[in-house]
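Taking numbering that gives the first Met the number 0, the leading residue of the sequence shown gets 0, the next gets one more, and so forth.
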Amino acid sequence: MSELQESSQSVGKVRFNSIWLVPLLALIVAGWMVYQNWSSEGPEITLIASNAEGLEAGKTKVKARNVDIGTVTNIRLSGDYNTAIIQVRMNKDTENMLHQDAKFWVVKPRVGKEGISGLSTLLSGAYIDMEPGTHGEFKSEFQVLEQAPLSTAEDKGLRLMLDSTGSSKLDVGTVVHFRGYDVGYIEKVGFDTAVGAITYQVFIKAPYDALVSRGVEFWMTPGIALKSSAQGVEVRVDSLETLLSGGISFGLVHRQKANKEVEDLTKFHLYKSKEEAQNQFYNQFIDYVFLFGSDVSGLTAGAPVEFRGIRIGTVEQVPFTGLSMVELTSLSQAAIPVLARIEPQRLNNGDQDLTLKEWQDLFDKRIKSGFRASLKTRNFLTGAKSINIDSYPNALPVKAQKVAGIDVFPVTNAGFSNIEKKVTEILDKLAKAPVNESLQSIRNTMSNANDTLATVKDVSKNVDDLINQPGVKQLPDEVLGIMNQVSRILEAYQTNGEIGMPLKENLNALEKSLNELQPLLRQLRNNPNTLIFDKQAQPDIQPKAAQ
């Protein structure tokens, strides 16, 4: 009985053992470590990239200004398998960097127009670089850029939107010039399907952003431009950088003043060339139809219309196809209709002193007083032509005429187009000249000259014999001097003398030249344009198999 009481008392007196402190301390340490790890971690963000090339979970770092601020924790494919989803655990106190305008991109070796970059990653591996955001709310999902941004949030300047309907495309990083000086670059390139235009976001660096105003125009500057026009062939080569990738230029293309400054993302049109940017300014014009009765080959759309060398308009269509069949068949002498327009703004550089109606009335008045148009060859190598307008006070009056509802500008055959006709008339007169009779007359003259020279030779011999006689030598010295002088003169007129020899040579040369002139006259009569252009080469003989 006493034993049972002792055992029950021992059970009720359970003593605390110190070994129990070990798991308790481990639990506290583990909890502290979990808290420490949790409190030292930053936010988790998601990056969406086109691919995860060079990235590795648990190893790839996220950096800002070359300082580690996070680590890639997981990489997986999106639900549609089109993109890579990258989970990143950021470091503590990075929340203020994750605003809406933050940017991420992968740094790896690249070779581009800007040079070689990312060489440091050849050994360390690729990493994700970040440009901290400064505006907007906190954001946890970002799109990874294909390449590093060219400008940062700290860069001061102006961003503009340009649209181009041309077929040429410029790349990101292409330089923007102002009078040949680098003032900016293209940041983004896109395509607007609604209007079918290429869009460019360009950045103009400060302080050059002050050069942009509402009055400036933007145009493409190709590295090398080859242009064949009525003025001839023009080759323009720009800088080496522009030669490789092209560029954009801007400026005031006319004498208009720069007006108010523009705001960020203001839209401008990007023209294909500076000439196109200038021509769009001439939006006031007067259309005329020119009925040319001569050859219009070499006259193309875009050729200038000039008044005594000053451009006042542009050729629009050669030949003009807006005529009806009745109007086309009624044209006199099978004239070729050409549509061209007079652009009055070229005369006053855009100053609207006169209305378009007043300009048209002025030209109608000048036509009545003798204004006429003619074709003018601007380049003899290419055959390019233009329309030249000049005043002809003695021109016959013409009756006002309209074709397809457009006024007809009277034309004349003055200018180079009439030279060939005049040359042909001159050559016809030369061909009708009595060349054979002239040659026969020259031959008769040469024969008479030869007889005369022979007679002079005989007379000279008789004079010499007379002088050598003994009796004659006793004459006074004055008489002998005169006879010796006569002898020398006669010797000069002999066939081999100082006068006889050149006379005979000149007559022979004249006869030879006249003989050679006959085939030349025949060639010029058949092909008058050989005075200016080379004779057309005969086609090579093609060998053929024997029959």
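Cβ atoms here follow ideal geometry from the backbone N, Cα and C, with glycine treated the same way.
Test item: CB-CB of residue i and residue j under 9 Å
{"i": "Lys131", "j": "Leu121", "result": "One point to set straight first is that residue 131 is Pro, not Lys, in the sequence displayed. In this structure, Leu121 does not lie closer than 9 Å to Pro131 by Cβ."}
{"i": "Val215", "j": "Phe284", "result": "no"}
{"i": "Val314", "j": "Val407", "result": "no"}
{"i": "His98", "j": "His134", "result": "yes"}
{"i": "Ile405", "j": "Gly312", "result": "no"}
{"i": "Ile185", "j": "Val211", "result": "no"}
{"i": "Phe141", "j": "Phe190", "result": "no"}
{"i": "Phe370", "j": "Phe362", "result": "yes"}
{"i": "Leu251", "j": "Phe217", "result": "no"}
{"i": "Arg310", "j": "Val304", "result": "yes"}
{"i": "Gly246", "j": "Thr173", "result": "yes"}
{"i": "Ile127", "j": "Lys58", "result": "no"}
{"i": "Val143", "j": "Ile47", "result": "yes"}
{"i": "Tyr281", "j": "Arg345", "result": "yes"}
{"i": "Glu136", "j": "Val87", "result": "no"}
{"i": "Gly165", "j": "Lys273", "result": "no"}
{"i": "Met45", "j": "Ser139", "result": "A quick correction: the sequence has Thr, not Met, at residue 45. Contact: yes."}
{"i": "Leu353", "j": "Asn347", "result": "yes"}
Nearest candidate by alpha-carbon position, reference residue i, set the options
{"i": "Thr299", "options": "Thr381, Gly308 and Val252", "result": "Thr381"}
{"i": "Leu264", "options": "Val211, Met160 and Lys168", "result": "Met160"}
{"i": "Gly297", "options": "Lys58, Arg158 and Ala383", "result": "Ala383"}
{"i": "Val392", "options": "Ser368, Leu374, Gly404 and Asn378", "result": "At residue 392 the sequence reads Pro, which differs from the Val that was named. Considering only alpha carbons, the answer is Ser368."}
{"i": "Ala56", "options": "Phe141, Gly124 and Lys398", "result": "Gly124"}
{"i": "Arg365", "options": "Arg158, Ile47 and Pro396", "result": "Pro396"}
{"i": "Ser49", "options": "Ser150, Glu145, Gln316 and Phe249", "result": "Glu145"}
{"i": "Met219", "options": "Phe249, Gly195 and Asp208", "result": "Phe249"}
{"i": "Ala168", "options": "Pro518, Asp128 and Ala196", "result": "Here residue 168 is Lys; the residue named in the question, Ala, does not match the sequence. Selected option, being the one with the closest Cα: Ala196."}
{"i": "Asp162", "options": "Gly179, Pro221, Lys187 and Ile44", "result": "Lys187"}
{"i": "Ala394", "options": "Gln400, Gly308 and Asn412", "result": "Asn412"}
{"i": "Gly53", "options": "Gln344, Ser166, Lys375 and Val106", "result": "Val106"}
{"i": "Gly301", "options": "Ala147, Asn278 and Ser77", "result": "Asn278"}
{"i": "Phe319", "options": "Ser139, Val295 and Ala399", "result": "Val295"}
{"i": "Tyr207", "options": "Ala193, Thr198, Leu355 and Val182", "result": "Val182"}
{"i": "Ala147", "options": "Arg64, Asn36 and Asp79", "result": "Arg64"}
{"i": "Val66", "options": "Asp79, Ser77 and Thr93", "result": "Thr93"}
Spatial neighbours of residue i in its chain, beta-carbon cut-off 7 Å, leaving aside the 5 residues before and after
{"i": "Arg75", "result": "Ile84"}
{"i": "Ser17", "result": "none"}
{"i": "Asn615", "result": "This structure leaves residue 615 out entirely; the chain is present only between 0 and 546."}
{"i": "Leu322", "result": "Pro336, Val402 and Ala403"}
{"i": "Asn36", "result": "none"}
Same chain only: Cβ atoms within 6 Å of residue i, ignoring 5 sequence neighbours per side
{"i": "Ala205", "result": "Lys155 and Gly156"}
{"i": "Leu474", "result": "Bear in mind that a pLDDT of 47 at Leu474, under 50, signals an unreliable position, so the model cannot answer this."}
{"i": "Ala51", "result": "Ile74 and Ala83"}
{"i": "Ala372", "result": "Phe289, Ile386, Ile388, Phe408 and Val410"}
{"i": "Gly308", "result": "none"}
{"i": "Thr198", "result": "Asp162, Gly189 and Asp191"}
Those residues which DSSP pairs with residue i across a bridge
{"i": "Tyr180", "result": "Phe177"}
{"i": "His98", "result": "Phe137"}
{"i": "His268", "result": "Asp162"}
{"i": "Phe190", "result": "Ile197"}
{"i": "Ile247", "result": "Val175 and Met219"}
{"i": "Gln142", "result": "Ile47"}
{"i": "Ala152", "result": "In DSSP, Ala152 forms no bridge with anything."}
{"i": "Asp549", "result": "This structure cannot settle anything about residue 549, because the visible part of the chain is limited to 0 through 546."}
{"i": "Met129", "result": "Phe103"}
{"i": "Lys62", "result": "Asp67 and Asp128"}
{"i": "Ile74", "result": "Ile85"}
{"i": "Ser547", "result": "No statement about residue 547 is possible, as the shown extent of the chain runs from 0 to 546 and does not include it."}
{"i": "Glu275", "result": "The partner list for Glu275 (beta bridge, DSSP) is empty, contrary to what the question assumes."}
{"i": "Leu338", "result": "Val288 and Gln316"}
{"i": "Glu260", "result": "Ser212"}
{"i": "Ile309", "result": "Phe306"}
Neighbourhood of residue i by C-beta distance below 8 Å, restricted to the same chain and skipping five residues each side
{"i": "Trp19", "result": "none"}
{"i": "Val478", "result": "Because the pLDDT of Val478 is 49, which lies under 50, any placement of that residue in the model is unreliable, and the number read from its coordinates should be weighed accordingly. The answer is none, since no qualifying residue turns up."}
{"i": "Thr151", "result": "Glu130"}
{"i": "Val261", "result": "Leu157, Leu159, Val211, Ser212 and Arg213"}
{"i": "Arg340", "result": "Phe284, Ile285, Asp286, Tyr287, Val304, Gly312, Thr313 and Glu315"}
{"i": "Ala101", "result": "Met129, Glu130, Pro131, Gly132, Lys138 and Phe141"}
{"i": "Ala276", "result": "Glu216, Phe217, Trp218, Val252 and Tyr270"}
Near the ligand ATP: residue i beta-carbon under 8 Å from a heavy atom
{"i": "Tyr199", "result": "The ligand ATP is not among the ligands present in this structure, which contains no ligands whatsoever."}
Cutoff 9 Å: residue i Cβ touching any chain B Cβ
{"i": "Glu43", "result": "As a matter of chain content, chain B is missing from the structure shown, which is built from one protein chain."}
Can you give, in chain order, each stretch of the alpha helix (DSSP H) that sits fully within the region 356-415 and has at least 4 residues? none
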